[in-house]
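The numbering of the sequence shown is this note's numbering, which starts it at 5 and goes up by one. Working notes, beginning with the structure itself.
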Amino acid sequence: PENNISRTAFQAIAAVFGGAQSLHTNSMDETLALPSEKAAEIALRTQQLIAYETGVANVADPLGGSWLIESLTDQLEQEAEKYFEEIEHLGGVIQAIEKGYFQREIARSAKNYQKLVDQKQLFIVGVNQFGKDDENIDIPILEIGPEVEQIQVKAINELKNTRNETAVQQALYKIRETCANGGNIMPPIIEAAKVYVTLGEIVTAMKAEFGEWQEAAVF
5 PENNISRTAF QAIAAVFGGA QSLHTNSMDE TLALPSEKAA EIALRTQQLI AYETGVANVA
65 DPLGGSWLIE SLTDQLEQEA EKYFEEIEHL GGVIQAIEKG YFQREIARSA KNYQKLVDQK
125 QLFIVGVNQF GKDDENIDIP ILEIGPEVEQ IQVKAINELK NTRNETAVQQ ALYKIRETCA
185 NGGNIMPPII EAAKVYVTLG EIVTAMKAEF GEWQEAAVF
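Okay, structure coming up:
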């Protein structure tokens with residue numbers, strides 16, 4: 005997991021070179037559990053090191069004019085255009101989702117990536133190259149005790165007992181009505197939040213009109 009510290013730093017500075025307006029740096033232990041406080045602090049310090057010690061933020065476009073970057077940008081644009089054309093050919097995004105296009109493409113990409121890793125055509129340091137067979141994970145793993153859930157359940161119950169139930173039901177009715185009419189659901193969701201309707205209640209109201217998406221199996 006410690007390799008992820010360096011890996012994340014490279015990814016973050018690449019994002020800055022690419023012109024990212026904002027970014028998030030993953031903690032080294034996020035593949036194992038919720039980040040520990042120490043891991044989250046290291047991820048934060050990574051951003052601060054890049055921002056205040058490297059000088060990359062002193063100019064708007066550090067790699068502007070680079071032939072390599074321009075070439076890679078052109079290549080990325082060409083590949084993206086192929087996807088846009090295919091999606092349009094399928095009838096648009098909704099139809100592409102219903103036909104499983106995005107799921108198949110993601111699965112295909114993941115399979116190809118894993119194949120490269122398994123065959124060591126793509127090196128992942130510490131995974132398929134320069135690893136240790138007897139290496140143990142000795143970093144602290146954040147554990148969430150059952151008392152956290154109990155505290156949250158208690159807080160939600162107290163909220164429901166003290167809020168205006170009439171306003172809550174009116175807000176939920178407005179959400180269902182808007183969903184049924186095909187309107188913009190954001191305004192009623194915002195109004196519902198103002199009267200302390202919970203996220204679960206909002207989703208349940210929407211599910212009553214829209215149903216629940218069942219993703220098709222993709223092979």
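Glycine included, every Cβ here is placed at the ideal spot set by N, Cα and C.
Selection Gln107, Ala44 and Val60 evaluated against Ala24 yields Val60 as nearest (Cα-Cα). Judged by pairs of C-beta atoms under 8 Å, the region 158-173 does not touch the region 44-51, as fewer than three such pairs exist. Residue pairing by DSSP places Val129 opposite Gln133 in a beta bridge.
Three or more Cβ pairs closer than 8 Å define a contact, and the region 196-208 falls short of that threshold against the region 83-101. For Ala111, the uninterrupted alpha helix (DSSP H) run begins and ends at Tyr105 to Asp122, by DSSP. Across the structure, Ile194 and Gly96 are spaced so that their CA atoms are roughly 29 Å apart. Remark: fewer than three beta-carbon pairs, one from each stretch, lie closer than 8 Å, so the region 143-151 and the region 175-193 are not flagged as touching.
Taken in chain order, the whole alpha helix (DSSP H) runs of length 4 or more contained in the region 43-83 number zero. Scanning Gly186, Thr58 and Ala196 for the CA closest to the CA of Ala171 turns up Ala196.
Here Glu41 carries a helix assignment [DSSP, helix/strand/coil]. Shortest Cα-Cα distance from Lys198 to any of Glu213, Gln173 and Trp217 involves Gln173.
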